[in-house]
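Novice:
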Amino acid sequence: MEREKKERILSLLVSNKPDVLARVAGTLGGRGYNIETLCVDATLDPKVSKIILTTIADQPTLTKIEKQLMKLIDVQQVTDLTKIATVMREMMLVRMKLTERNKADIALIIDTFGGRVVTLNGDHCVIEISGNRDDIEKALQSLKPLGIDDMSRTGIIALERTK
Amino acid sequence: MKIKGSQILIQALKQEGVEVIFGYPGGVVLDIYDELHKGDIRHILVRHEQGAVHAADGYARASGKVGVALVTSGPGASNTVTGIANAHLDSIPIVVFTGQVPTSLIGTDAFQEVDIIGITRPCTKHNFQVRRVEELTRTVSEAFHIARSGRPGPVLVDLPKDVMNAVAEYTLESFRDEDEPQPRPPSKKAFQVLDMISEAKKPLILSGGGIILGGASQELREMAWRTKIPVTSTLMGLGAFPGTDPLWLGMPGMHGTYYANMVISHCDLMIAIGCRFDDRVTGKIDTFAQNARIVHVDVDPSSINKNVMIDVPIVSDCKSALASFNRLLKDKNFTVTDDQRRDWLGMIDEWKRNVPLSYCHSEEVIKPQFVIETLYNLTKGEDTIITTEVGQNQMWAAQFYKYDHPNTFLSSGGLGTMGYGFPAAIGAQLAFPEKLVVDIAGDGSIQMNIQELATAVQYKIPVKIVILNNGYLGMVRQWQELFYEKRYSQTDMTYAPDFVKLADAYGLAGFRTAKPAEVEEVLRKGLSTPGPVIMDFQVDREECVYPMVKPGGPIHEMTLGGREMVN
Ligand SMILES: Cc1ncc(C[n+]2csc(CCOP(=O)(O)OP(=O)(O)O)c2C)c(N)n1
Numbered sequence: 033m034e035r036e037k038k039e040r041i042l043s044l045l046v047s048n049k050p051d052v053l054a055r056v057a058g059t060l061g062g063r064g065y066n067i068e069t070l071c072v073d074a075t076l077d078p079k080v081s082k083i084i085l086t087t088i089a090d091q092p093t094l095t096k097i098e099k100q101l102m103k104l105i106d107v108q109q110v111t112d113l114t115k116i117a118t119v120m121r122e123m124m125l126v127r128m129k130l131t132e133r134n135k136a137d138i139a140l141i142i143d144t145f146g147g148r149v150v151t152l153n154g155d156h157c158v159i160e161i162s163g164n165r166d167d168i169e170k171a172l173q174s175l176k177p178l179g180i181d182d183m184s185r186t187g188i189i190a191l192e193r194t195k
Numbered sequence: 026m027k028i029k030g031s032q033i034l035i036q037a038l039k040q041e042g043v044e045v046i047f048g049y050p051g052g053v054v055l056d057i058y059d060e061l062h063k064g065d066i067r068h069i070l071v072r073h074e075q076g077a078v079h080a081a082d083g084y085a086r087a088s089g090k091v092g093v094a095l096v097t098s099g100p101g102a103s104n105t106v107t108g109i110a111n112a113h114l115d116s117i118p119i120v121v122f123t124g125q126v127p128t129s130l131i132g133t134d135a136f137q138e139v140d141i142i143g144i145t146r147p148c149t150k151h152n153f154q155v156r157r158v159e160e161l162t163r164t165v166s167e168a169f170h171i172a173r174s175g176r177p178g179p180v181l182v183d184l185p186k187d188v189m190n191a192v193a194e195y196t197l198e199s200f201r202d203e204d205e206p207q208p209r210p211p212s213k214k215a216f217q218v219l220d221m222i223s224e225a226k227k228p229l230i231l232s233g234g235g236i237i238l239g240g241a242s243q244e245l246r247e248m249a250w251r252t253k254i255p256v257t258s259t260l261m262g263l264g265a266f267p268g269t270d271p272l273w274l275g276m277p278g279m280h281g282t283y284y285a286n287m288v289i290s291h292c293d294l295m296i297a298i299g300c301r302f303d304d305r306v307t308g309k310i311d312t313f314a315q316n317a318r319i320v321h322v323d324v325d326p327s328s329i330n331k332n333v334m335i336d337v338p339i340v341s342d343c344k345s346a347l348a349s350f351n352r353l354l355k356d357k358n359f360t361v362t363d364d365q366r367r368d369w370l371g372m373i374d375e376w377k378r379n380v381p382l383s384y385c386h387s388e389e390v391i392k393p394q395f396v397i398e399t400l401y402n403l404t405k406g407e408d409t410i411i412t413t414e415v416g417q418n419q420m421w422a423a424q425f426y427k428y429d430h431p432n433t434f435l436s437s438g439g440l441g442t443m444g445y446g447f448p449a450a451i452g453a454q455l456a457f458p459e460k461l462v463v464d465i466a467g468d469g470s471i472q473m474n475i476q477e478l479a480t481a482v483q484y485k486i487p488v489k490i491v492i493l494n495n496g497y498l499g500m501v502r503q504w505q506e507l508f509y510e511k512r513y514s515q516t517d518m519t520y521a522p523d524f525v526k527l528a529d530a531y532g533l534a535g536f537r538t539a540k541p542a543e544v545e546e547v548l549r550k551g552l553s554t555p556g557p558v559i560m561d562f563q564v565d566r567e568e569c570v571y572p573m574v575k576p577g578g579p580i581h582e583m584t585l586g587g588r589e590m591v592n
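Chains as they are written, first to last, in this note's numbering: chain C, 33 to 195; chain G, 26 to 592.
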């Protein structure tokens, strides 16, 4: 069994009810497991929500987490996406102050990471970049020295490549 | 015809076959109590909401049916939490109904509002807040279904006052348990287990509470008898296998028998069924059953590989797993000769002979174990249910009383809740009015729900309370004696009520003795006096429970009464 502690992505199908997220979070938190990132949204079926969460765990621990989650009445399915071919994305919004000196560099970074400028207000712009975790991390490191005003990042969303 | 939510609730409860509710009224449940006043369902008015939940729990453990409690919002609801957590850790099917402030006031810190859904989320199997009267019938039915299906457990249903007042059409809606079949073992695994049994020289069955919850005692006996495999059982599983059978080893673990712990440490095959490898059973995990291959049958996948690594995991309810093993054993004409088991059972007999469960009898002072032994001799063969409090009394009740039938030993295993035994006895007695129900108590524990004496007197519930009165919080004192150089910090309970006078004050009979020679007489008198009775036995103050495995130590290293370590 895999003893290595690494980031694991779980995809949960749950009933779309007010306190389901609290149950899921409580099940992990109450047993000492940390949720690293979390995304919740509706699915094609309005009665069902999808939760994508990531946690750092070894394989035996992850199995325990999966079993505990499956015990929740409102959880219909738990899939370990780490094990199957999936597309993973994160998105980041970054607000920057534009100056004569950083303009060209910012444009280059946007171009490199396939991002875009969402708004431009006076000398402030908001940039949107999406990609896998690595890309986001690299883009962020490149932008930092150019003077970031503020930023906001989503957690990971992920989808199996095939059915 | 449209009827009120409170009426729908009663209809739905009747639909579930509820015969008795343990409860306590208050502002937001007045509508429900007004309905109960019509007398369709029996209601037992307890004296504290914790008592209601333990009574529902005792009712469930004794009868196998779902126990029901009903309380008001706020403090009524929060008072149920210990009872719910207790049922949760022991997987007991109960449904607790709590009143709630009207939906329009929820979240406003209204008078007597607590977020009982949030509070009990981690200690219920599931909980619901009914926000629309139209959801009521289905929710009640689902609550009962969840409580009793799979691995059973407590379910809480929160009922806002306006929902009880609102009207709706009552339509029968029920969750049939058959819709969701219990998991069964794949036949491949049953063959594998059969092979392992054939190969094993030193097999052992470790059974747990799952056997009792799953109604699988008969199947367990059949398997053990056919294969001549000795049986040990956790505290929760006592009674599933007869305590008087030659294959019986007693309870293992921290205060288990010497021979049960030795068998676990020496066996080469452990078939664990319906247990969850609590640390009180395993001791140090690395050395637990270290020579054995382990088969683990449990209905809850999350119990498997949780504490102990398993060689053959089988997710199945205990009854169908055992039935399929038995079928296979029969089909294959599996037999074991006495010869084949001679070495193993001989070894076990020697352990049993060398270190039996024992204590030093005294003519001067009552030994608590002697009270239990005498109680056993006076009540064996009768239909008796024993409940216990928590501490030394509980361990002695597990060691020195022999349970031959399932659902006859009711004890707080997982949570270890002092104050459980007496209200649980009330619940058990209501399930079986004809049986003798005895609560084996400590002088500390009995004071934790002593108020229920009034309940027992009011409804003439003839529960017998046997107090092993050592004037200490005995089990804690024992740890202080053994691990804290006898510094008895805050464990002296000498300032206790005179239990005989207390019995008198509540209107029941009370007896007391401090003399070993009178133990039998007092028990005879107490057990034959109609109605509830307190028997106060002033026992040896500093008697300890042995054998004892050091917390976290390997279970084959036990301290016996003489304090020597054995291997
Ligand atoms: C509600 C609760 N509080 C505290 C404890 C810790 N505890 C475990 S055993 C025990 C002593 C019990 O004393 P008593 O009921 O007199 O029984 P004895 O051990 O003397 O038989 C205590 C305080 C507990 N189990 N439950």
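Glycine included, each C-beta is placed from N, C-alpha and C at the ideal position.
Does any residue of chain G bring its CB to less than 9 Å from the CB of C:Arg263?
Specialist: The requested residue 263 of chain C is not part of the displayed model; chain C covers only 33 to 195.
Novice: Using the Cα positions of C:Cys157 and C:Arg148, report the straight-line distance between them to the nearest angstrom.
Specialist: On the first sequence, residue 157 of chain C is found 125 positions in, with the first residue counted as 1. On the first sequence, residue 148 of chain C is found 116 positions in, with the first residue counted as 1. Approximately 10 Å, taken between the alpha carbons.
Novice: Just grab the DSSP bridge partners of C:Cys157 for me.
Specialist: Start at 1 with the first residue of the first sequence, and residue 157 of chain C comes out as number 125. Paired residue(s): C:Met128 and C:Leu152.
Novice: Please list, in chain order, all residues of the same chain as C:Asp90 whose beta carbon is under 7 Å from its beta carbon, the five residues on each side excluded.
Specialist: Numbered from its first residue, the first sequence carries residue 90 of chain C at position 58. Cβ within range, chain order: Glu34, Arg35, Glu36 and Lys37.
Novice: Does DSSP put G:Gly143 in a helix, a strand or coil?
Specialist: Here residue 143 of chain G refers to the residue found at position 118 when the second sequence is read from its first residue. Correct three-state label for G:Gly143: helix.
Novice: Quick check: does the Cβ of G:Val501 come within less than 8 Å of any heavy atom belonging to ligand 1?
Specialist: By 1-based counting over the second sequence, the position of residue 501 of chain G is 476. The answer is yes for G:Val501.
Novice: For C:Cys71, report the span of its beta strand (DSSP E) as first-last.
Specialist: The residue labelled residue 71 of chain C in the question sits at position 39 within the first sequence. First-last of the beta strand (DSSP E) with C:Cys71: Thr69 to Ala74.
Novice: Report buried or exposed for G:Met287, applying the criterion of at least 16 other Cβ atoms within 10 angstroms of its Cβ.
Specialist: Reading the second sequence from its first residue, position 262 is the one you call residue 287 of chain G. G:Met287 comes out buried.
Novice: Give me whichever residues DSSP pairs with G:Glu194 in a beta bridge.
Specialist: Sequence index remark: in the second sequence, residue 194 of chain G carries index 169 (1-based). G:Glu194 is bridged to G:Lys27.
Novice: Grab the span of the beta strand (DSSP E) containing C:Ile180 for me, first residue to last.
Specialist: To locate residue 180 of chain C, count along the first sequence from 1; it is residue 148. Looking at the DSSP string, the run of the beta strand (DSSP E) that includes C:Ile180 is Ile180 to Arg185.
Novice: So, does the CB of C:Gly62 fall closer than 9 Å to a CB anywhere in chain G?
Specialist: For the purposes of this step, residue 62 of chain C is taken as residue 30 along the first sequence, with counting starting at 1. With 9 Å as the cut-off, C:Gly62 counts as an interface residue toward chain G.
Novice: What I want to know is whether the C-beta of G:Tyr497 ends up closer than 8 Å to one or more non-hydrogen atoms of ligand 1.
Specialist: In the second sequence, the residue the question calls residue 497 of chain G occupies position 472. Within the cutoff, so yes.
Novice: What is the C-beta distance between C:Leu79 and C:Asp73, in whole angstroms, given that I count them as a contact (C-beta under 8 Å)?
Specialist: Reading the first sequence from its first residue, position 47 is the one you call residue 79 of chain C. Reading the first sequence from its first residue, position 41 is the one you call residue 73 of chain C. A small fix is needed here, since residue 79 of chain C is Lys in this sequence, not Leu. At roughly 14 Å, the Cβ-Cβ gap does not stay under 8 Å, so C:Lys79 and C:Asp73 are not in contact.
Novice: Straight-line CA distance for G:Ala7 to G:Leu552?
Specialist: Residue 7 of chain G lies beyond the range of chain G shown here (26 to 592); nothing can be said about it.
Novice: Name the chain G residues that come within less than 7 Å of C:Ile105, Cβ to Cβ?
Specialist: Here residue 105 of chain C corresponds to residue number 73 of the first sequence, with the count starting at 1. Result: His151 and Ile171.
Novice: Would the beta-carbon of G:Ala285 fall within 9 Å of that of G:Val322?
Specialist: Numbered from 1 along the second sequence, position 260 holds the residue referred to as residue 285 of chain G. Numbered from 1 along the second sequence, position 297 holds the residue referred to as residue 322 of chain G. Contact: no.
Novice: Let's test the definition: count the other Cβ atoms within 10 Å of the Cβ of G:Asp325 and tell me whether it reaches 16, buried, or not, exposed.
Specialist: To locate residue 325 of chain G, count along the second sequence from 1; it is residue 300. Buried, since its Cβ has 16 or more Cβ neighbours within 10 Å.
Novice: Name, going along the chain, the residues of the region 283–317 of chain G whose beta-carbon falls closer than 8 Å to a beta-carbon of chain C.
Specialist: Hits within the stretch: zero.
Novice: Determine which residues share a DSSP beta bridge with G:Gly92 and list them.
Specialist: One-based indexing of the second sequence puts residue 92 of chain G at position 67. G:Ile119, per the DSSP bridge assignment.
Novice: What ranges does the beta strand (DSSP E) occupy inside the region 276–344 of chain G, keeping only unbroken runs of at least 3 residues that lie completely in it?
Specialist: Entirely contained in the region 276–344 of chain G, the beta strand (DSSP E) runs reaching 3 residues are, in chain order, 294–298, 318–323 and 337–340.
Novice: Should the region 189–200 of chain G be regarded as contacting the region 151–160 of chain G, the criterion being three or more beta carbon pairs within less than 8 Å?
Specialist: These segments touch.
Novice: From this set, G:Ser31, G:Val71 and G:Gly42, which residue's C-alpha is nearest G:Tyr49's C-alpha?
Specialist: As a working note, residue 49 of chain G is residue 24 in the second sequence. Comparing Cα-Cα distances from G:Tyr49 to each of G:Ser31, G:Val71 and G:Gly42, the minimum goes to G:Val71.
Novice: According to the Cβ coordinates, are G:Gln454 and G:Phe425 closer than 9 Å?
Specialist: Position 429 of the second sequence, counted from the first residue, corresponds to residue 454 of chain G. Position 400 of the second sequence, counted from the first residue, corresponds to residue 425 of chain G. No; because the gap between Cβ atoms is not below 9 Å, this pair is not in contact.
Novice: Using 10 angstroms around the beta-carbon of G:Trp421, count the other beta-carbons present and answer buried if the total reaches 16, otherwise exposed.
Specialist: Start at 1 with the first residue of the second sequence, and residue 421 of chain G comes out as number 396. Result: buried.
Novice: Which term fits G:Pro557, buried or exposed, when burial requires 16 or more other beta carbons within 10 angstroms of its beta carbon?
Specialist: Position 532 of the second sequence holds residue 557 of chain G. Its Cβ being crowded by 16 or more others within 10 Å, G:Pro557 is buried.
Novice: For ligand 1, any of its heavy atoms closer than 8 Å to the Cβ of G:Ala449?
Specialist: Within the second sequence, the letter at position 424 stands for residue 449 of chain G. No.
Novice: So if I threshold CB-CB distances at 7 Å, which residues from the region 327–359 of chain G count as touching chain C?
Specialist: If the cut-off is 7 Å between Cβ atoms, the region 327–359 of chain G has Ser327 and Lys331 near chain C.
Novice: By a C-beta neighbour count over all protein chains shown, 10 Å radius and 16 as the cutoff for buried, is G:Thr97 buried or exposed?
Specialist: For the purposes of this step, residue 97 of chain G is taken as the residue at position 72 of the second sequence. Buried, because 16 or more other Cβ atoms sit within 10 Å of the Cβ of G:Thr97.
Novice: By the 10 Å Cβ neighbour count, where 16 or more other Cβ atoms means buried, how is G:Asn316 classified, buried or exposed?
Specialist: Counting from 1 along the second sequence, the entry for residue 316 of chain G is found at position 291. The residue is exposed, with fewer than 16 neighbouring Cβ atoms inside 10 Å.
Novice: Would you tell me roughly how many angstroms separate the C-alpha atoms of C:Leu45 and C:Val107, rounded to the nearest one?
Specialist: Taking the first residue of the first sequence as position 1, residue 45 of chain C is located at position 13. Taking the first residue of the first sequence as position 1, residue 107 of chain C is located at position 75. The alpha-carbon atoms of C:Leu45 and C:Val107 are separated by roughly 6 Å.
Novice: Less than 6 Å between C-beta atoms, sequence neighbours within five positions excluded: which residues of the same chain meet that for G:Thr105?
Specialist: Taking the first residue of the second sequence as 1, we reach residue 105 of chain G at position 80. Glu74, Val78, Val96 and Val121.
Novice: Taking only runs that begin and end inside the region 505–556 of chain G, name each unbroken beta strand (DSSP E) of 3 or more residues, in chain order.
Specialist: Qualifying beta strand (DSSP E) stretches, in chain order: 534–538.
Novice: With 16 other CB atoms within 10 Å as the buried threshold, where does G:Arg588 fall?
Specialist: For the purposes of this step, residue 588 of chain G is taken as residue 563 along the second sequence, with counting starting at 1. In this predicted model, G:Arg588 has a pLDDT of only 42, less than 50, meaning its place in the structure is not dependable; the value taken from the coordinates is given anyway. Exposed, since its Cβ has fewer than 16 Cβ neighbours within 10 Å.
Novice: Can you pull the chain C residues whose beta carbon is under 7 Å from the beta carbon of G:Arg146, in chain order?
Specialist: Along the second sequence, one-based indexing puts residue 146 of chain G at 121. Those are Ala54, Arg55 and Gly58, listed as they occur along chain C.
Novice: Using CA atoms only, rank isn't needed, just tell me which of G:Glu510, G:Ala534, G:Ala479 and G:Tyr520 is closest to G:Asn494.
Specialist: To locate residue 494 of chain G, count along the second sequence from 1; it is residue 469. Selected option, being the one with the closest Cα: G:Tyr520.
Novice: Could you confirm whether any beta carbon from chain G is found closer than 9 Å to the beta carbon of C:Gln108?
Specialist: Counting from 1 along the first sequence, the entry for residue 108 of chain C is found at position 76. With 9 Å as the cut-off, C:Gln108 does not count as an interface residue toward chain G.
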